[in-house]
Amino acid sequence: MGLIMGLVPLGGLLLLFSFVATMEVDSPDAFAGWRDNLSGFALFPLALSVTALLGALAATLWASRRVRPFVGLVCGLLLVAACYRAYTLAPMLKCWGHNSIAREADGSYKCADR
Numbered sequence: 448m449g450l451i452m453g454l455v456p457l458g459g460l461l462l463l464f465s466f467v468a469t470m471e472v473d474s475p476d477a478f479a480g481w482r483d484n485l486s487g488f489a490l491f492p493l494a495l496s497v498t499a500l501l502g503a504l505a506a507t508l509w510a511s512r513r514v515r516p517f518v519g520l521v522c523g524l525l526l527v528a529a530c531y532r533a534y535t536l537a538p539m540l541k542c543w544g545h546n547s548i549a550r551e552a553d554g555s556y557k558c559a560d561r
């Protein structure tokens with residue numbers, strides 16, 4: 448039970464960190480212009496988050512039956528959010544080797560080295 452109680456919040460916090468790392472690039476209306484390219488940096492917490500959530504789901508096999516639906520629901524919602532994060536992060540990853548990124552009006556990303 449302790450493993451589950453540690454992995455679920457860890458997965459949620461890592462997922463939140465992945466969203467926050469590129470928040471300025473995701474919202475060009477609020478933050479226009481070139482921003483530091485943290486897309487590669489946001490990928491690692493996302494991968495660790497998915498790993499932690501899947502580990503928590505695997506740990507429920509040894510937990511009581513009353514815990515399984517709650518952990519399954521929370522992990523399922525967080526995994527859906529992780530899928531959405533991967534969907535929004537994927538177009539940014541083409542700029543992996545550049546240190547600056549800007550979002551265009553059509554939703555694409557422009558890469559540059561400043």
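For the sequence shown, our numbering gives the first residue as 448, with consecutive numbering after it.
Note that CB positions come from ideal geometry on N, CA and C, so glycine has one too.
Listed in chain order, the non-local C-beta contacts of G480 below 7 Å within the same chain comprise A549, local neighbours out to five positions each way being set aside.
Pairwise C-beta distances place the stretch 550-557 in contact with the stretch 530-542, as three or more of them are shorter than 8 Å. The alpha-carbon separation between P492 and F464 amounts to approximately 7 Å. L525 is a Cβ neighbour of L500, given a cutoff of 7 Å. In the DSSP assignment, the residues bridged to S547 are D483, A559.
Secondary structure of G459 (DSSP, three-state): helix. Here S496 is buried, its C-beta having at least 16 other C-beta atoms within 10 Å.
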